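K.L.:
First to last, the protein sequences are chains Y and B.
Remember, my numbering sits 8 above the position in the first sequence when you count from 1.
Remember, my numbering sits 8 above the position in the second sequence when you count from 1.
The beta carbon of each residue, even a glycine, is placed where N, CA and C say it ideally should be.
Since the structure is predicted, the reported quantities are computational estimates derived from the model, not experimental observations.
There are 2 protein chains.
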Amino acid sequence: MEILFTFIPKEDQQQRLETEFPQVHFHFIYKDKTRLASADIIVTYGEDLTAEDVAAAEKVQWIMVASAGIEKLPHQAIAERGITVSNVKGIHKIPMAESALAHLLSLKRSLPTIYENQRNQEWSRRIRSSELNGSTALILGPGAIGSEIGRMLQAFGVYTIGCNRSGKKAPHMDDTISFENILEKLPQADYVLSILPSTDETKQLLKEVHFKAMKKTAIFMNFGRGDLVSDEILLDALRNEEIACAVLDVFEQEPLPQDHPYWTMGNVVVSPHVSSHSGKYVERALDIFIPDLKKWLVDQTVPTNLVNMEKGY
Amino acid sequence: MEILFTFIPKEDQQQRLETEFPQVHFHFIYKDKTRLASADIIVTYGEDLTAEDVAAAEKVQWIMVASAGIEKLPHQAIAERGITVSNVKGIHKIPMAESALAHLLSLKRSLPTIYENQRNQEWSRRIRSSELNGSTALILGPGAIGSEIGRMLQAFGVYTIGCNRSGKKAPHMDDTISFENILEKLPQADYVLSILPSTDETKQLLKEVHFKAMKKTAIFMNFGRGDLVSDEILLDALRNEEIACAVLDVFEQEPLPQDHPYWTMGNVVVSPHVSSHSGKYVERALDIFIPDLKKWLVDQTVPTNLVNMEKGY
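#1: Starting from Val276/B, trace the alpha helix (DSSP H) both ways and give me its first and last residue.
#2: Can you say whether Tyr38/Y is buried or exposed, counting buried as having 16 or more other CB atoms within 10 angstroms of its CB?
#3: Is Glu291/B near the ligand HEM, going by C-beta to nearest heavy atom under 7 Å?
#4: On a CA-only basis, which of Ile16/Y, Gly232/Y, Ile153/Y, Val200/Y is nearest His281/Y? Give me that one, please.
#5: Would you list, in chain order, the members of the stretch 277-289 of chain B that have their beta-carbon closer than 8 Å to a beta-carbon of chain Y?
#6: Against Tyr8/B, what residues of chain Y qualify as contacts under a CB-to-CB distance less than 7 Å, listed in chain order?
#7: Kindly list the residues whose CB is nearer than 7 Å to the CB of His285/Y, restricted to its own chain and excluding five residues on each side of it in sequence; keep chain order.
#8: State buried or exposed for Lys116/B, treating a residue as buried only when at least 16 other CB atoms are found within 10 Å of its CB.
#9: Is Asn128/Y helix, strand or coil by DSSP?
#10: Please report whether the beta-carbon of Glu106/Y lies at a distance below 8 Å from any beta-carbon of chain B.
#11: For my contact list, Asp300/Y and Ser94/Y are in at a C-beta cut-off of 8 Å; report their separation, rounded to the angstrom.
#12: For Asn172/B, count neighbouring C-beta atoms within 10 Å of its own C-beta (all shown protein chains included) and say buried if the count is 16 or more, exposed if not.
#13: Could you give the C-beta distance for Ala87/Y and Glu318/Y, rounded to a whole number, given that I count them as a contact under 8 Å?
#14: Can you tell which of Ala47/Y, Ser202/Y, Asp20/Y has the C-alpha that lies nearest to the C-alpha of Thr14/Y?
#15: Comparing the C-beta of Gln129/B with each C-beta of chain D, is any distance below 8 Å?
#16: Ordered along the chain, which non-local residues of its own chain (more than five positions away) have a Cβ less than 7 Å from that of Glu26/Y?
#17: For Met229/B, decide whether its Cβ has a neighbour in chain Y, counting only Cβ atoms nearer than 8 Å.
#18: Strictly below 7 Å CB to CB, what residues from chain Y border Glu139/B?
#19: Along the chain, which unbroken stretches of the alpha helix (DSSP H) at least 4 residues long are found entirely within the stretch 197-275 of chain B?
#20: Would Ile49/B and Gln69/B be called neighbours here (beta carbons separated by less than 8 Å)?
#21: What is the DSSP secondary structure of Asn189/B, counted as helix, strand or coil?
#22: In whole angstroms, what separates the C-alpha of Met222/Y from that of Gln21/Y?
#23: Could you check what DSSP says for Phe297/Y in three-state terms: helix, strand or coil?
#24: Have a look at Ala64/B and Thr42/B and give me their C-alpha separation to the nearest angstrom.
#25: To the nearest angstrom, how far is it from the Cα of Lys97/B to the Cα of Ile296/B?
#26: Does the contact criterion of 3 or more C-beta pairs under 8 Å hold for the stretch 161-170 of chain Y versus the stretch 138-146 of chain Y?
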């Protein structure tokens, strides 16, 4: 049994794996594909495998993606071979939810102004802070991450409305609606927050009409994928002050081009796709992978967080 | 019955009072003390009454302080007359707790760096964010505000240790200790957060030895009163990197002098005593004052949040 990691875990994490599974040959190799042919399992961040790589990995039966985004995987090549794919979607929920709350609270409690006044050495108490308490959030994609954001928002006294495909009740949502009913609820939302993955249904989901339906004081936050809304539509909404501001962790084009207007707009926060960053990342991925691997080695039990390559999540 | 407000509530708030109490004469007068002599009740932010004013207010029986801090009141003059004093300590808890969490999350999720990189139009994903989850907070003063901070921290998976005079269990604290045992617990704390009022016991409570006992990675936050620790001691701790950083909303001298070193230190956040700011402030003060006044008018029932002028809180 050979397992290929296409990234290099820390020394103690490598040891943890080797101690748990003495019978397995682990290879931890970054940007070197010479071990593909003999790998039974591949553990990857999901951005480095091409269709050719999948063809070369002729023995592989399970690809574990140590990340939530699987859109860069060669879906067809994997689906044709019937390779099992799993991801670690659960492990993003804490850092991402903390990032979402950090950005939201920072804006409500005037931190950008406080920081700026400090740079200017200016003691100014004319700061109009407001509160999360008593406001309403519309959460597009109340899955693992969205529900964790909902849980935290509820702790701050925020009314949470989840929005998903089915409209089926989601955890930590006071209300849940389906995509078809977004327009009805947008006028109530103080924050519109997306953690939607990129799928055929979510691409360009938000149009002009949606931003026109939002409150002029609304904060739009995109922590899902950049293709949820076109730059053109969002720039118009921000320039015409149809909404108050946007906090963007994802973009149509990443890295965001140097001359992009978002960089210098006073009502845009540019976060360079870092909201899931955490020192605990690989540790948590192994906490999922190790028990899954134990079961797999017994009878190829299907791993946690199985991904349906046809649906794309 | 005459009631003197030494600040001016909004029009609709004045109307709310006048409608609720048609039998009362309300005076809303800022910086003009001509109405003191006839006032039965004074409602003040607590910073504008001298011992002479109290002597002039010869009829006054109740001073309602629409703020938490009462240290600027002429304590002796009030105590001698046996005037009832109440404050609105409960109404600060939401905005202050939101501010505390905003600052903490901002630092953990690297918002100052994200904002700075945006100013430099620099897409840099080399950002080392960490998490609140799994950390430990020591909260000096787990009263109304401190417990609300504890509640929010617990929602983020933070272990909370309250620290008060008695060591008596406080809400939303996983553990509570008394002031005498601070030193034992300081080495465990990732954040040391004070919302203590200024009293004889809390003035200069934190000494060199306390900062030396903290983690080098600790974040110290003072949202209580500036006399908790001297500038000299705190500056030393920050310059010698005995702690990672300080977020200060209160200072020994306010406004913070223009040439004070805090302004330009990379490991200090200067917040100009604004953490309790909220658009809902006076509204909430009236929510406390109106029911209290109703009862007072019947039989001088003691108001909510009675302040003991001898103890100072």
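P.N.:
Let me lay it out:
#1: Counting from one through the second sequence, the residue named residue 276/B turns up at place 268. First-last for Val276/B: 276-278, but that is the beta strand (DSSP E), not the alpha helix (DSSP H).
#2: On the first sequence, residue 38/Y is found 30 positions in, with the first residue counted as 1. Counting every other CB atom within 10 Å of its CB across the protein chains shown gives Tyr38/Y a total below 16, marking it as exposed.
#3: As for the ligand HEM, it is missing from this structure, which has no ligand bound.
#4: Position 273 of the first sequence, counted from the start, is the residue given in the question as residue 281/Y. Checked all of Ile16/Y, Gly232/Y, Ile153/Y, Val200/Y; the closest Cα to His281/Y is Gly232/Y.
#5: With the criterion set as a beta carbon lying under 8 Å from some beta carbon of chain Y, the members of the stretch 277-289 of chain B are Val277, Val278, Ser279, Pro280, His281, Val282, Ser283, His285, Ser286, Gly287, Lys288, in sequence order.
#6: Because chain B is modelled from 9 through 321, residue 8/B falls outside the range shown and cannot be assessed.
#7: Within the first sequence, numbered from 1, the residue matching residue 285/Y stands at position 277. Non-local C-beta neighbours of His285/Y in its own chain, meaning closer than 7 Å and more than five positions away in sequence, comprise Pro103, ordered along the chain.
#8: As a working mapping, residue 116/B is identified with position 108 in the second sequence. Per the 10 Å Cβ criterion, buried.
#9: Numbered from 1 along the first sequence, position 120 holds the residue referred to as residue 128/Y. In the three-state reduction of the DSSP assignment, Asn128/Y falls in the coil class, being assigned neither a helical nor a strand state.
#10: For this step, residue 106/Y is matched to residue 98 along the first sequence. With 8 Å as the cut-off, Glu106/Y counts as an interface residue toward chain B.
#11: Translated into positions along the first sequence, residue 300/Y becomes position 292. Translated into positions along the first sequence, residue 94/Y becomes position 86. At roughly 7 Å, the Cβ-Cβ gap stays under 8 Å, so Asp300/Y and Ser94/Y are in contact.
#12: Here residue 172/B refers to the residue found at position 164 when the second sequence is read from its first residue. Counting of Cβ neighbours within 10 angstroms places Asn172/B among the buried residues, the total reaching 16 or more.
#13: For the purposes of this step, residue 87/Y is identified with residue 79 of the first sequence, where counting begins at 1. For the purposes of this step, residue 318/Y is identified with residue 310 of the first sequence, where counting begins at 1. Yes, Ala87/Y and Glu318/Y are in contact; Cβ-Cβ is about 6 Å, under 8 Å.
#14: Walking along the first sequence from the start, residue 14/Y turns up at place 6. Of all alpha-carbon atoms in Ala47/Y, Ser202/Y, Asp20/Y, the one lying nearest the alpha-carbon of Thr14/Y is that of Ala47/Y.
#15: No chain D appears in the structure shown, which is made up of the protein chains Y and B.
#16: Taking the first residue of the first sequence as position 1, residue 26/Y is located at position 18. Excluding residues within five positions, the ones whose Cβ falls inside 7 Å are Phe34.
#17: Along the second sequence, one-based indexing puts residue 229/B at 221. No, its Cβ sits nowhere closer than 8 Å to a Cβ of chain Y.
#18: For the purposes of this step, residue 139/B is identified with residue 131 of the second sequence, where counting begins at 1. Within chain Y, the residues Ile102, Pro103, Glu106, Ser286, Lys288 have their CB atoms less than 7 Å from the CB of Glu139/B, given in chain order.
#19: Scanning the stretch 197-275 of chain B for uninterrupted alpha helix (DSSP H) segments of 4 residues or longer gives 216-221, 239-247, listed from N- to C-terminal end.
#20: Here residue 49/B corresponds to residue number 41 of the second sequence, with the count starting at 1. Here residue 69/B corresponds to residue number 61 of the second sequence, with the count starting at 1. Yes.
#21: In the second sequence, the residue the question calls residue 189/B occupies position 181. Residue state, collapsed to three classes: helix.
#22: Translated into the one-based positions of the first sequence, residue 222/Y becomes position 214. Translated into the one-based positions of the first sequence, residue 21/Y becomes position 13. Approximately 46 Å between the Cα atoms of the pair.
#23: Here residue 297/Y corresponds to residue number 289 of the first sequence, with the count starting at 1. Here Phe297/Y sits in helix by DSSP.
#24: Position 56 of the second sequence, counted from the start, is the residue given in the question as residue 64/B. Position 34 of the second sequence, counted from the start, is the residue given in the question as residue 42/B. Cα-Cα distance, rounded: 9 Å.
#25: Here residue 97/B refers to the residue found at position 89 of the second sequence. Here residue 296/B refers to the residue found at position 288 of the second sequence. If you take the alpha carbons of Lys97/B and Ile296/B, they lie about 10 Å apart.
#26: Verdict: yes, contact present.
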